[in-house]
Amino acid sequence: MPAPKDADARRAIAPVICYPVDTLPGPDMPAFARHRATLAKTGETLVLPRDASCFRVPAGGAFRITSVEGPQVGDLNIWNARDLSERFYSGKTRALHGTHLSTGEQMWSSFPALRPMATIIADTLDWYGIDPFGGSVHDVIGTRCDPYTNTLLSGGQYHACCHSNLTRALGRETGMTLAEAETHVHDVLNVFMCTGFTRDTGRYFMKASPVRPGDYIEFIAEIDLLGALSACPGGDCSAAHSSDEAACYPLLVEVFAPPTGTDWVCPPMNGYDRSHGVAG
Ligand SMILES: [Zn+2]
1 MPAPKDADAR RAIAPVICYP VDTLPGPDMP AFARHRATLA KTGETLVLPR DASCFRVPAG
61 GAFRITSVEG PQVGDLNIWN ARDLSERFYS GKTRALHGTH LSTGEQMWSS FPALRPMATI
121 IADTLDWYGI DPFGGSVHDV IGTRCDPYTN TLLSGGQYHA CCHSNLTRAL GRETGMTLAE
181 AETHVHDVLN VFMCTGFTRD TGRYFMKASP VRPGDYIEFI AEIDLLGALS ACPGGDCSAA
241 HSSDEAACYP LLVEVFAPPT GTDWVCPPMN GYDRSHGVAG
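Residue numbering for the sequence shown follows full-length UniProt numbering, starting at 1 and increasing by one per position.
Laid out in structure tokens, this is it:
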């Protein structure tokens with residue numbers, strides 16, 4: 001289509017932030033740091049390459065995901081451990097915080113709860129920022145690698161995509177059938193993954209993760225959480241995924257709990273009345 005005469009003027013209009021977060025009741029990070037010092041480690045799970053594992057974190061506890069052995073990306077799902085219908089809402093988290101998360105930002109839950117499920121309190125990759133390609137770390141723009149898209153694009157049958165890994169792990173943890181567990185798997189936080197959108201065509205890209213063994217990201221559990229983490233078959237996601245080509249390494253999940261008797265207040269459910277404009 002021919003551009004209108006005022007095309008440049010229209011393009012020159014400055015953007016506005018969709019969701020100013022100045023009014024969000026942001027986390028009290030100094031209080032979280034003091035609280036974190038009271039927590040004690042209660043367990044750990046080593047997530048094997050091209051597989052996933054579940055873990056549980058009590059409200060007021062914490063969990064830390066650490067790179068071990070080699071650069072590796074992880075796909076994280078979290079649910080309210082008492083009601084799996086409340087789960088991480090990647091899209092709204094992206095709308096609130098931006099394309100990538102780091103310290104002080106929160107993982108928000110699905111409607112109607114729409115409340116913080118977890119708050120990031122430490123990120124050893126926070127120095128990375130946004131690189132010259134527009135890439136950054138820990139994204140909420142990708143979904144998770146999955147066998148359906150792989151079959152669509154390559155025609156193959158590959159069974160170690162993060163979607164399948166998370167499905168198997170949730171099935172093992174809960175006793176659900178695979179078909180039932182699959183319905184609970186959702187868009188992830190791409191832990192340690194370095195991604196962005198190309199500047200010229202706006203397409204989703206990935207590049208080698210800057211993560212190195214010893215790097216970690218740590219979260220406070222705002223509510224009782226069931227988590228599942230997949231060690232992506234893409235490894236550091238520098239080239240391929242949805243195949244066994246990439247070098248893959250395990251990821252360590254450590255869980256920390258507050259002392260018995262700790263008074264932890266969970267964030268309230270969202271205050272919208274859910275009438276949707278219908279009286280009565
Ligand atoms: Zn993956």
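Note that beta-carbon positions come from the ideal geometry of N, C-alpha and C, so glycine has one too. These numbers come from a predicted model, not from an experiment.
Pairing residue 144 with residue 166 gives a Cβ-Cβ distance under 8 Å. Here residue 66 is bridged, per DSSP, to 216, 252. Cα atoms of residue 126 and residue 4: separation of roughly 43 Å, rounded to the nearest angstrom. Residue nearest to residue 243 within the set 86, 155, 1 is 155 (criterion: CA-CA distance). Between residue 220 and the set 213, 246, 122, 180, the nearest pair of CA atoms involves 122.
Looking from the CA of residue 210, the closest CA among 147, 247, 124, 279 belongs to 124. Within the segment 51-124, the complete alpha helix (DSSP H) segments at least 4 residues long are 90-97, listed from N- to C-terminus. Between the segment 73-89 and the segment 108-121 there are three or more C-beta pairs closer than 8 Å, enough to call the two in contact. Ranked by how close their Cα comes to the Cα of residue 94, the residues 212, 161, 17, 213 have 17 in first place.
A distance below 8 Å between beta-carbons, with the five flanking residues on each side excluded, links residue 24 to the following residues of its chain, in chain order: 96. In this structure, the alpha-carbon of residue 105 lies about 6 Å from that of residue 120. Along the segment 152-199, the alpha helix (DSSP H) occurs as fully enclosed runs of 4 or more residues at 162-174, 178-182, listed in sequence order. Within the same chain, 51, 52, 178, 181 come within 8 Å of residue 168 by CB-CB distance, once the 5 residues on both sides are set aside.
Judged by DSSP secondary structure, residue 35 falls outside any beta strand (DSSP E) and instead within the alpha helix (DSSP H) spanning 29-36. Looking at the DSSP output, residue 24 shares a beta bridge with no other residue. In chain order, 96, 97 place their CB closer than 8 Å to the CB of residue 21, counting only its own chain and leaving out the 5 sequence neighbours on each side.
Spatial neighbours of residue 56 in its own chain (CB-CB distance under 8 Å, excluding positions within 5 residues in sequence) are listed in chain order as 81, 224, 225, 226, 227, 255. Annotation for residue 40: the continuous beta strand (DSSP E) segment containing it runs 40-47. For residue 8, the enclosing alpha helix (DSSP H) stretches over residues 7-11. Residue pairing by DSSP puts residue 139 in a beta bridge opposite 100, 190. Residue 272 and residue 279 have their C-alpha atoms spaced approximately 14 Å apart. Contact between residue 146 and residue 99 is absent: CB atoms are separated by about 20 Å, not below the 8 Å threshold.
Approximately 5 Å separates the beta-carbon atoms of residue 74 and residue 251; this is inside 8 Å, confirming the contact. Rounded to the nearest whole angstrom, the C-alpha separation of residue 58 and residue 196 is 33 Å. Between residue 229 and residue 47 the beta-carbon gap is near 5 Å, inside 8 Å, which marks them as a contact. Between the alpha carbons of residue 266 and residue 201 lies a gap of roughly 42 Å.
C-alpha of residue 258 to C-alpha of residue 77: approximately 22 Å in a straight line.
In the three-state scheme derived from DSSP, where H, G and I count as helix and E and B as strand, residue 19 is classed as coil.
Non-local beta-carbon contacts of residue 176 in its own chain, meaning distances under 7 Å to residues more than five positions away in sequence, involve 170 in chain order. A distance criterion of 7 Å places the beta-carbon of residue 241 in contact range of ligand 1, judged by its closest non-hydrogen atom.
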